[in-house]
Amino acid sequence: MNSIKDNQEYIETEVKFLITEASSLREKIISIGAVSVGNFFETNIRYDDKNKSLFKNKSLLRLRKDVKTTLTFKSRPPVIDNRFKIMRELEVEVSDFSVANQILESLGFMKIQIYEKWRETLVTGNTNFCIDKMPYGDFLEIEGQKEEIIKYSSLLGLDWERRITINYIELFNILKKTFSLPFLDVTFDNFKNIRTDFSGYLDKVKA
């Protein structure tokens, strides 16, 4: 009988940086040996139960649609390192977005929030560089081993003290509260008529 490892941990370690010159930073990333694996538009749906148990436990249940459909569950890891954003991550590709949504709703989960972004992923070794265009700003996300994240941040000329260790939903929640934004979904359509430049404020949100 084949044994099944049901206690295997998948730990995601990353940091973000607010960026203003995405194209020049992209060239720097390529110059250190990273290769682009594509630039895709993402639609993400966040789910929770009626008691918002996942949110209260700092967990995330997400269905993502880009060129494929991915179901992801993130939860707090057993060990915390405040220098980074670290989450236990379980992820699986599913064949049908609509059916996956129906399964989640049948299990008692509700759609809580939609958020969109454009993401280009560049890869070198075991390190991923994600250039993310959010409706409220542009960011670079570096995911990999801790030492590699620190090394590449330095090579790219990024100020480590300005790194961000919260997720895009938490960033939006700060903006929503600060600027009294009247919507919950983080979509380009919702932001299209907002003329506020959030970059000055987001630059203050750091680890």
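Basically our numbering = 1-based index in the sequence shown + 218.
Even for Gly, the Cβ is constructed at its ideal location relative to N, Cα and C.
- With a threshold of 16 other beta carbon atoms within 10 Å, G362 meets it and is buried.
- Runs of beta strand (DSSP E) with 3 or more residues, each lying fully within the stretch 273–302, are found at 278–283, 287–293, listed in chain order.
- Given a length threshold of 3 residues, each whole run of the beta strand (DSSP E) inside the stretch 344–396 is given here in chain order: 345–352, 355–361.
- With distances taken between CA atoms, E232 lies nearest to I384 out of Y265, I384, K286, P353.
- In this structure, G251 sits near T342, with a CB-CB distance shorter than 8 Å.
- With respect to the C-alpha of D299, the residue from S313, N344, E239, E365 having the closest C-alpha is E365.
- Going by DSSP, N411 is part of no beta strand (DSSP E) at all; its letter is neither H nor E.
- Straight through space, the alpha carbons of G355 and F401 are spaced by roughly 17 Å.
- Taking 8 Å as the upper bound for CB-CB distance, P353 and N408 are in contact here, some 7 Å apart.
- The beta-bridge partner set that DSSP reports for K329 consists of Y265.
- The three-state reading of DSSP puts I248 in helix, counting H, G and I together.
- Residue state for L243 is assigned as helix, using DSSP reduced to three classes.
- Separation of the CB atoms of L236 and F357 is rounded to 6 Å, and the pair is thereby assigned contact status at 8 Å.
- Here the alpha carbon of G375 sits roughly 9 Å from the alpha carbon of L243.
- Taking the Cα positions, P295 is about 19 Å away from E359.
- For V255, the three-state secondary structure derived from DSSP is strand.
- CA-to-CA, the gap between F416 and L325 works out to about 38 Å.
- In this structure, L373 lies away from F327, with their beta-carbon atoms at least 8 Å apart.
- Residue environment analysis places I367 among the buried positions, since at least 16 neighbouring C-beta atoms fall within 10 angstroms of its C-beta.
- Across the structure, V404 and N262 are spaced so that their CA atoms are roughly 10 Å apart.
- DSSP places L340 in the strand class (E or B) of the three-state scheme.
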